[in-house]
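Visitor:
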Amino acid sequence: MPPATVRIRPTVLSFLTDLEAHNEKPWFEANKVRYQAAQANLVAFADALLERMREHDRLSTPSGAKSMMRIHTDQRFHKDRPPYAPRFGGRLARVKPALRGGYFFRIQPGGRSHVTCGFMGPEPDDLRLIRQDIAYDHDTWRRVLRGKPLRSLLGDLFGEELATVPRGFPKDHPAADLLRKKQFLLRRSFTDAEVLAPDFLDEVVRTYRAVRPWFDHMTAVLTSDANGA
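Residues in the sequence shown are numbered from 1 upward in steps of one, following our numbering.
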């Protein structure tokens, strides 16, 4: 059986463009059919993405629908925030605690679509283990993160970081740039034309697969005991 493939329709981007220009409940309710059609396309895309990813990874996300992020924003503490996020996004979770790292995707017009991979908010104990591994084995980190095709597709790590090296590590440590990080993320951006192209799903899968050497290293760091078992 050939691998599943689903294309993102142009109507998805046009709906999101209009939503960003008319981000209010009356407009959204009047265009609910457009929203439902766009959402159905994204759920089908996420289902196909899950099917393809399960060929080489173990994921706990049960379905495309369960991967999707809400389009409604949380206005409980931000009353001036627009009621809707003019994007479709989702997350594919790996089976924890055995496997670490997460896959994210966002569809947003104007060249703002992207896939992101990594660790959005490591738990304190995990962050401690990550930093200890960086301090001890930063050469491996550099080698993995500079490997192809990871570097060519996703570039450099980004995310929130401290202003200085955290307590307990030398300020002149050769991996100070990595030790300062609080998030460990890699991203590949896509133009609107690339999102609508027939091979977009293939490119997302190819990008996710490129991250596996780093995820494999991080899994070993976060699941091995002090004796390496």
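Just so it is clear, CB atoms sit at the ideal spot from N, CA and C, and this is done for glycine as well.
#1: Going by beta carbon distance, what residues of the same chain come within less than 8 Å of Gly228, once the five residues before and after it are set aside?
#2: Taking the straight line between their C-alpha atoms, what separation do you get for Ile134 and Arg142?
#3: Tell me which residues share the same chain as Phe88 and place their Cβ nearer than 6 Å to its Cβ, disregarding the 5 neighbours each side in the sequence.
#4: Counting only the same chain and skipping the five closest in sequence on each side, list residues whose C-beta sits under 6 Å from that of Phe104.
#5: Helix, strand or coil for Ala197, going by three-state DSSP, please let me know.
#6: Determine the closest residue to Phe200 out of Val144, Asp18, Asn31 and Phe45, with distance taken between C-alpha atoms.
#7: According to the Cβ coordinates, are Arg188 and Leu153 closer than 8 Å?
#8: Rank Phe119, Asp137 and Ala85 by C-alpha distance to the C-alpha of His22 and give the top, closest one.
#9: In angstroms, rounded to a whole number, what distance separates the CA positions of Leu178 and Pro83?
#10: For the candidate residues Val204, Thr140, Asp125 and Asp172, whose alpha-carbon lies nearest to that of His114?
Guide: Inspection of the coordinates gives the following:
#1: In the sequence shown, counting from the first residue as 1, residue 228 sits at position 228. Only weak support exists for where Gly228 lies, its pLDDT of 42 falling under 50; the coordinates are left without a value.
#2: Indexing the sequence shown from 1 puts residue 134 at position 134. Indexing the sequence shown from 1 puts residue 142 at position 142. Approximately 9 Å between the Cα atoms of the pair.
#3: For the purposes of this step, residue 88 is identified with residue 88 of the sequence shown, where counting begins at 1. Setting aside the 5 residues that flank it on each side, Phe88 is surrounded in the same chain by Leu42 and Ile107, each with a C-beta closer than 6 Å to its C-beta; the list follows chain order.
#4: For the purposes of this step, residue 104 is identified with residue 104 of the sequence shown, where counting begins at 1. Closer than 6 Å at the Cβ level, and outside the excluded window around Phe104, lie Arg91 and Thr116.
#5: On the sequence shown, position 197 is the one that residue 197 refers to. DSSP places Ala197 in coil when its eight states are reduced to three.
#6: Residue mapping note: residue 200 aligns to position 200 of the sequence shown, counting from 1. Here the closest residue by C-alpha is Phe45.
#7: In the sequence shown, the residue the question calls residue 188 occupies position 188. In the sequence shown, the residue the question calls residue 153 occupies position 153. Contact flag set, yes.
#8: As a first step, residue 22 is located in the sequence shown; it is residue number 22 there, counting from the start. With distances taken between Cα atoms, His22 lies closest to Ala85.
#9: The count along the sequence shown starts at 1 and reaches residue 178 at position 178. The count along the sequence shown starts at 1 and reaches residue 83 at position 83. Cα to Cα, Leu178 sits roughly 37 Å from Pro83.
#10: Here residue 114 corresponds to residue number 114 of the sequence shown, with the count starting at 1. Per the Cα distances, Val204.
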